[in-house]
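Per my numbering, residue 14 is the first one in the sequence shown, and the count goes up by one each step.
Think of the CB as a built atom: it goes at the ideal place given N, C-alpha and C, for glycine as much as any other residue.
All remarks here apply to the structure that follows.
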Amino acid sequence: MENVSAKTIVFITGSFVHNSCWDEWKTFFEDQGYACLAPPWPHKDASPAELRSQHPYSPIAQVRLADLLDYHTELIRRLPEKPILIGHSFGGLMTQLLVQRGLAAAGVAIHSVPPQGVITLKWSFIRSVTPALGLFTSTKKTYLMSFRHWQYTFTNGMPLAVQQETYEQLVVSESKLASRDGLTKVAKVDFAKPHVPLLFVAGSTDNIIPASLNYANYRRYKKHGNSVTDYKEFAGRNHFVLGQPTWQEDAAYISQWLTRQHISVELVK
């Protein structure tokens, strides 16, 4: 096999937001020679405004985590090589699970939702995730994050005008079932299984996925085996890390980390 670097990146979007959250990241990595994809989730191939207008009776409501994993697996299998996977939040969890399936050349989990069994009792986490689970509400209806919750969960510390603009630009309705599946065996990771290089990126001011939770996730891998597993915490990053003014610093760090891994092309089986 020719020893050349993998040059395909699949960006995996998290819950509650539109896949256009990756637009600037795609441009950044395309300028470095990568072929980049940021596919929408099933039933989310429309504008955020249109998707919000379908709430609460949207087909999005019936999407499960297993559906999302199979959807991304099928997309990856159509590629000529195993891609680098870069996922944010719930997309970070899917990145971990797709790495476990052997579908990646490397994985980067940005402010990742943790796998089954990795948990925190921090109040900011509980306050942030509980509404999305929709306990004691109908799973036939989607969950739509309120602007006030967006301020707390994603854009804490940012100017009001930015919070309002980004809410309109990105927020979409979500499946409660998919969120709940993150607590089940569908989200289970075998931490002892050898894996391709995996980087965890955390932020010091993230309310929904605190840095301590990211670190606990990372440590579960580090306790097992000799696979490359790295961790980086950035100061001042909230959950809107992909769109903060500092995003290029984060992207550059990830790019440099990928270069250091000497990732080789491998065909998707």
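C-beta contact flag for residue i and residue j at 8 Å
i           : j           : result
residue 216 : residue 250 : yes
residue 261 : residue 41  : yes
residue 138 : residue 226 : yes
residue 86  : residue 111 : yes
residue 35  : residue 196 : no
residue 245 : residue 214 : yes
residue 100 : residue 79  : no
residue 271 : residue 25  : no
Start and end residues, beta strand (DSSP E) containing residue i
i           : result
residue 70  : From DSSP, residue 70 is part of no beta strand (DSSP E); its letter is neither H nor E.
residue 21  : 21-25
residue 191 : Note, residue 191: premise wrong, no beta strand (DSSP E); alpha helix (DSSP H) at 189-194.
Whole-angstrom distance between residue j and residue i, CA atom to CA atom
i           : j           : result
residue 14  : residue 115 : At residue 14 the pLDDT is 35, less than 50, meaning the model places this residue with poor confidence and gives no usable figure here.
residue 74  : residue 132 : 25 Å
residue 66  : residue 185 : 9 Å
residue 188 : residue 275 : 38 Å
residue 284 : residue 54  : Here the chain covers residues 14 to 282 and nothing more, so residue 284 does not appear.
residue 28  : residue 129 : 17 Å
residue 203 : residue 117 : 16 Å
residue 212 : residue 120 : 6 Å
residue 69  : residue 247 : 36 Å
residue 224 : residue 52  : 27 Å
residue 157 : residue 200 : 23 Å
residue 20  : residue 150 : 44 Å
residue 259 : residue 242 : 24 Å
residue 190 : residue 153 : 9 Å
residue 33  : residue 279 : 28 Å
residue 140 : residue 221 : 8 Å
residue 179 : residue 206 : 39 Å
residue 175 : residue 30  : 15 Å
residue 146 : residue 77  : 13 Å
residue 39  : residue 57  : 19 Å
residue 84  : residue 136 : 33 Å
Residue i, enclosing alpha helix (DSSP H) - first and last residue
i           : result
residue 349 : Lying before the first or after the last residue shown, residue 349 is absent from the chain, which here runs from 14 to 282.
residue 206 : It is not in any alpha helix (DSSP H) - residue 206 carries neither H nor E in the DSSP assignment.
residue 157 : Taken as a continuous stretch (DSSP letters only), residue 157 belongs to no alpha helix (DSSP H), as it is neither H nor E.
residue 244 : Residue 244 -> not in any alpha helix (DSSP H); beta strand (DSSP E) instead, spanning 242-247.
residue 253 : Unbroken run through residue 253: none, as it is neither H nor E.
residue 145 : 136-146
Residue i burial status per 10 Å Cβ neighbour count (16 or more: buried)
i           : result
residue 125 : buried
residue 23  : buried
residue 159 : exposed
residue 326 : Lying before the first or after the last residue shown, residue 326 is absent from the chain, which here runs from 14 to 282.
residue 16  : Unreliable placement is indicated for residue 16, whose pLDDT of 45 sits below 50; the coordinate value is still reported in the next sentence. By the 10 Å Cβ count, residue 16 comes out exposed.
residue 127 : buried
Exercise. Can you list, in chain order, the stretches of the alpha helix (DSSP H) that have 4 or more residues and sit fully within the stretch 67-124?
Worked result: 78-90, 103-113
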